[in-house]
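Heads up: the sequence shown is residues 508 to 1229, going by the numbering used here.
Think of the CB as a built atom: it goes at the ideal place given N, C-alpha and C, for glycine as much as any other residue.
Values in this document were obtained by computation on a predicted structure and should not be read as measured data.
Encoded as C-alpha cells, the structure appears first; notes follow it.
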Amino acid sequence: MKKRIVALLLTCVLVISGCASGEKNGGNENGTESSVTESSIAQESSVEESSAEESSAIEETAPTEEPEAEEGYVTTGGNPWIDSDLKENITADMTLSPKDDFHLYVNHDWIMNAQIPEGHSSWGAFNVVADEIEAKALALLNDETLTGHDAELIQSLYHAYLDWDSRNAAGVTPLMSTIEDIKGIKTMDELTDFICDMDRAYGVPTFLGGGNGTGLTDSSKYITYIANDSLMLGDAAEYKERTEMGDRTYEAYVYLAKYMLPRVGYTEEEAVAMFDAMLDFEKKLAENAFTSADSMSPDYLSKVNNVRTLKELEEASPVFPIKRFIKAMGYDNAKEFLLIQPKVLDTVNEVYVEENLDAIKNYMIVKYVLGNMGALDREAYEANVKASNMVNGSEGSLPDEKLAFSIVRSALTTPMDRAYLEKYDSKEVKTRITNMIKEIISVYREMLSEEDWMSEATREKAIEKLDNMRINAIYPDKWLDYGKLELKGLSYLECLKAISEFNQELDHKNTNGKVDKDLWSVDTLETNAFYNPMDNSINIILGLLGGDFYHEGMSDEELYGGIGAVIGHEISHAFDTNGAQFDKNGNMASWWSMKDYTAFQKRARKLIDHYNTLTAWEGAQIMGNNCQTEAIADLAGLKAVLKLAEKKENFDYEKFFKAYATIWQEVITYETEYMIYSQDSHPLNYLRTNVTVQQFDEFYKTFDVKEGDNMYLAPEDRILVW
Ligand SMILES: [Zn+2]
508 MKKRIVALLL TCVLVISGCA SGEKNGGNEN GTESSVTESS IAQESSVEES SAEESSAIEE
568 TAPTEEPEAE EGYVTTGGNP WIDSDLKENI TADMTLSPKD DFHLYVNHDW IMNAQIPEGH
628 SSWGAFNVVA DEIEAKALAL LNDETLTGHD AELIQSLYHA YLDWDSRNAA GVTPLMSTIE
688 DIKGIKTMDE LTDFICDMDR AYGVPTFLGG GNGTGLTDSS KYITYIANDS LMLGDAAEYK
748 ERTEMGDRTY EAYVYLAKYM LPRVGYTEEE AVAMFDAMLD FEKKLAENAF TSADSMSPDY
808 LSKVNNVRTL KELEEASPVF PIKRFIKAMG YDNAKEFLLI QPKVLDTVNE VYVEENLDAI
868 KNYMIVKYVL GNMGALDREA YEANVKASNM VNGSEGSLPD EKLAFSIVRS ALTTPMDRAY
928 LEKYDSKEVK TRITNMIKEI ISVYREMLSE EDWMSEATRE KAIEKLDNMR INAIYPDKWL
988 DYGKLELKGL SYLECLKAIS EFNQELDHKN TNGKVDKDLW SVDTLETNAF YNPMDNSINI
1048 ILGLLGGDFY HEGMSDEELY GGIGAVIGHE ISHAFDTNGA QFDKNGNMAS WWSMKDYTAF
1108 QKRARKLIDH YNTLTAWEGA QIMGNNCQTE AIADLAGLKA VLKLAEKKEN FDYEKFFKAY
1168 ATIWQEVITY ETEYMIYSQD SHPLNYLRTN VTVQQFDEFY KTFDVKEGDN MYLAPEDRIL
1228 VW
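The following block contains the structure:
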C-alpha cells in the first residue's frame, strides 16, 4: 500500500508490493532498506532518520563549510492541479471546490495546520498511525516489569542503543582494527583471504552477498540468492547522468567523508579524494547494473530469475573466487542459486585484478567507514543526521527513543511483534479484518466475472487465484524461534553482531529447504500493507490499523474509504503486470492468454498515457510507466469498495470520498517529493486522490462535476483497467 524501496539483497521481499506512501524516509542513504541480516552495523548508518537535539559537539567537529541546502527550486506550474503535497504551494485564501481540486478541497485546512515534525521528511495519515503504534511500543520498551525472553531481547537492544556513555567512550575504536586489516592487504591472494573470512570482513562491502529467499519459479522451496553491493548514489542511473537527487546525495556524502575519514586517520583533503576515487570505482560496477527504472519495469522479475548451480557460477566467475566466497558464507551446499545481476558479476570479474588492488581497498574502507558510522558515538551519529537532512530536505532529528524503537523493530522484528501482541490483545480486530478481506474478495469475484474483455479461460484462472489467496490479517499464528538468542549485557555493536550471526544461522537451516508460508515475510508493526506474489498473500497488518484507516465505531463510509480501499488495492496486485506473472501458488508462471494479456496492456496503456499528461510542477512531467501498477491498484481498490457500497442502503458518498482523500493527506519536503516523483512506483499522494476519484460516476454525481470543471474527464477518457 505504501512506498517501500526494497534492497535487492532482501531476497524474500524482492517483489512484495509494499504499497502506500506516508513515511518517505524509510530508506537509508542508498535509497534502500537494509537489514541487520545483511550488513548488521551498517543497517542504521543511514543518512536517514535521525535522533536527538543538536549538541555543541557537532559544531566543533563538523566541517565548517557544510554545503547549503539547495535553494531556488520551482514547485509551481502543476497541471491540471498544483502539487498540494508541497505546503509552499498552499495559501489560506485559496478558492476551494471539489469540482476543481478534490484533494485540496478536502485537505486544505489540514495542510494549512500541518507541520513536518523534526526528523521527518513528510507527515500524513500514515504517520499518525505509526505514531500510535510507536507510543504503545515505547511504553513496552520502557516497562521494567515486563518478563519473558522476547521482552529481555528487545529491551537489551533498546537500552544498548541508548547507552551513549559506552558508545561515546568507544568512539571510532570499533572500526579501527578492520580498517588496519584492509590497509595491510598487499596482494590479491591476501584480499581473497580477507573477503572469504566473514569475521574479518564483517560490515565490509565485498562485491557480493548472499542469503536464502523464496524461489521465483518454485515458491515452495528456498533458493540461495546472490546479490551485489548496493551503490552509494542509490540508483545506477546516477552514475551515467547525475540528477539533482544524485547531486544532493553526493554533497551529503562528501560532507560525511570530510567529517568521518579524518576521525580514522586521514586528512580532510585525502578524505575527498578517497571518496571521489571510491565513486569512480563504483561507476564501473554501476555500468551494467539495474537502474531504478529497470526495477519498476514489468519484465524485471524475469530478468532477475537467473537460476545457477555452484558449478555454473564458478564458470561465470573465472577471476573472482566465487566458490570459496560462497563456502565462506556457508551456502556451498545449496543446490541452486539465483544470481540477481549476472552482468554485475561479469564486471566484478573484470575489476578484481591486481592493478585495482588499491582502488578496491579504498572502496572497502570508504564504504565501511561511512556505512557503519551511525552505530558509533554521538558525534558520528549527528553528522549522519545532518547528511540525512541534506538529502531529504528535513530538519532536526527524531527523539532518541523513537529511533531506538525503529532499530529494535528492524533488527528484532519477531520478538518485538510478539511482545507487543502479548501486551495489546488484537484478536478481535484480526477477526474483523479477516472478515472484511473475505467480503472484498467476494466483490472481486463479481468484478472479474463482469470483465467482458477477458476470455473465459483467463477469467477462470483469475478467479482460481483469488480463491487461493492467503489472507494474512493483523498478525501470524506462527513465529520464528528466537529462544536461543542472548543479548543481555552486550554493547550496541555486540548486539548487532550477535543478531546478525543468529540470523545467519537461522538462514543456513533454510538452504535447500521448504518455504514455510505460515511465517509471514512482513513486520506486523509496520504502517503499511502488502501483496506478496510469491505466496499469493494479502497482508493487512496491525501496524496500519489505526487513525483514519481503522478505528472502532467507524461508519461504513469511513471504513470503506480507509482500510477498505487499502484491502481492495492490495488484492488487485494479484492481477497487475507483476501479479500476472505468478500463479495461484506463487510460482512464476504466466496464466494469461497472450490475447488477454495484450488487451490488459492496452487498458494499462490508456492509464499510462493519462498520467503522462500530468505535471507535478514546472518541468516535472509524471512518468506513467513507472507508476502504472500502483495507479491501477488504486483504481481497482476504489472500484471494489464502491461495489460494496452499492449493497448498502443510504450510503453517504460524500463522506466516503472525503474519507478516501483523507488517507492521502500529506505534507512533504520538496527533496523527498522529488525522490518519489523520480524513483518510486507510487503516484504522488494528491494524484492518488484526484486521478482515482475522477474515474467514477459516483464522484461526478456526488459533487455535480460537469464538463469544464478541473476534475472532469469525458466518459470516453475515463480509465478503469479493471
Ligand atoms: Zn500497491
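query: Taking C-beta to C-beta, are L669 and A926 nearer than 8 Å?
result: no
Beta-carbon proximity list for N1132, same chain, < 7 Å, skipping 5 on both sides: I1115
As assigned by DSSP and simplified to three states, the class of T1179: helix
message: Restricting to Cα atoms, I'd like to know which of F1164, A1140 and F1210 is closest to I1226.
response: A1140
field: Y760 versus Y732, I702, H1189 and V876, residue with shortest Cα-Cα distance
entry: V876
message: At the level of alpha carbons, what is the spacing between S737 and N649?
response: 35 Å
- prompt: Quick one, are the C-beta atoms of D984 and D1030 less than 8 Å apart?
  reply: no
message: Does the region 792-810 come into contact with the region 823-837, if we say contact requires no fewer than three beta-carbon pairs (one atom in each stretch) closer than 8 Å?
response: no
Residue interval of the beta strand (DSSP E) (run including F844): F844 to L846
message: Please determine whether the Cβ atom of A1140 lies at a distance below 7 Å from any heavy atom of ligand 1.
response: yes
field: DSSP-derived helix/strand/coil call for V1228
entry: coil
message: Using a Cβ distance threshold of 8 Å, determine whether the region 708-721 contacts the region 685-696, with at least three qualifying pairs required.
response: yes
message: With a threshold of 7 Å (Cβ to nearest heavy atom), would E1033 be considered close to ligand 1?
response: no
query: When the Cα atoms are used, what is the spatial distance from I1183 to L786?
result: 24 Å
Residues near D1014 in its chain [Cβ-Cβ closer than 6 Å; skip 5 each side]: G718 and N719
message: Cutting at 8 Å between CB atoms, please list the residues of its own chain near S809, excluding the five before and the five after it.
response: Q1088 and M1095
- prompt: In angstroms, rounded to a whole number, what distance separates the CA positions of A863 and G900?
  reply: The question names Ala, but residue 863 in the sequence shown is Asn. Each residue's Cα considered, the two are about 37 Å apart.
- prompt: For W588, does the count of other Cβ atoms within 10 angstroms reach 16, so buried, or fall short, so exposed?
  reply: buried
task: Rounded to whole angstroms, what's the CA-CA distance from K1208 to V1148? Just pull it up for me.
output: 17 Å
- prompt: Under the criterion of a Cβ to heavy atom distance below 7 Å, does H1080 qualify as lining ligand 1?
  reply: yes
field: Candidates A887, D742, V679 and M880, of which the one nearest E789 by Cα
entry: D742
query: Using 8 Å as the threshold, is the region 627-645 in touch with the region 1170-1178, meaning 3 or more CB pairs across them?
result: yes
query: Is it true that the region 927-941 meets the region 968-982, where meeting means three or more beta-carbon pairs spaced less than 8 Å apart?
result: yes
- prompt: Can you tell which of A887, L987, N840 and L792 has the C-alpha that lies nearest to the C-alpha of L768?
  reply: A887
- prompt: With contact counted as at least three CB pairs below 8 Å, one residue from each stretch, are the region 1027-1043 and the region 693-706 in contact?
  reply: no
message: My parser needs the beta strand (DSSP E) runs of 3 or more residues fully inside the region 643-729; what are they?
response: 715-721
- prompt: Can you find a heavy atom of ligand 3 that lies under 7 Å from the Cβ of E775?
  reply: This structure does not include ligand 3; its bound ligands are ligand 1.
Distance, R674 Cα to E659 Cα: 21 Å
query: W630 lies in the alpha helix (DSSP H); which residues open and close that run?
result: No alpha helix (DSSP H) holds W630; the beta strand (DSSP E) holding it covers S629 to G631.
message: Buried or exposed, going by whether 16 or more other CB atoms sit within 10 Å of the CB of E1064?
response: buried
task: Take L994 and list the residues in its own chain whose beta-carbon comes closer than 7 Å to its own, dropping the five residues that flank it on each side.
output: L660, S663, L664, C1002 and A1005
- prompt: Which residues in the same chain as N869 place their Cβ atom closer than 8 Å to its Cβ, once the five residues preceding and following it in sequence are excluded?
  reply: M781, A784, M785 and F788
task: Rank T1122, Y1193 and K606 by C-alpha distance to the C-alpha of N614 and give the top, closest one.
output: Y1193
task: Answer yes or no: the CB of H1058 versus the heavy atoms of ligand 1, is any distance below 7 Å?
output: no
query: Opposite Y732 in the DSSP bridges: which residues?
result: G718 and L845
- request: Decide if D1224 is buried, meaning its Cβ has at least 16 other Cβ atoms within 10 Å, or exposed.
  value: exposed
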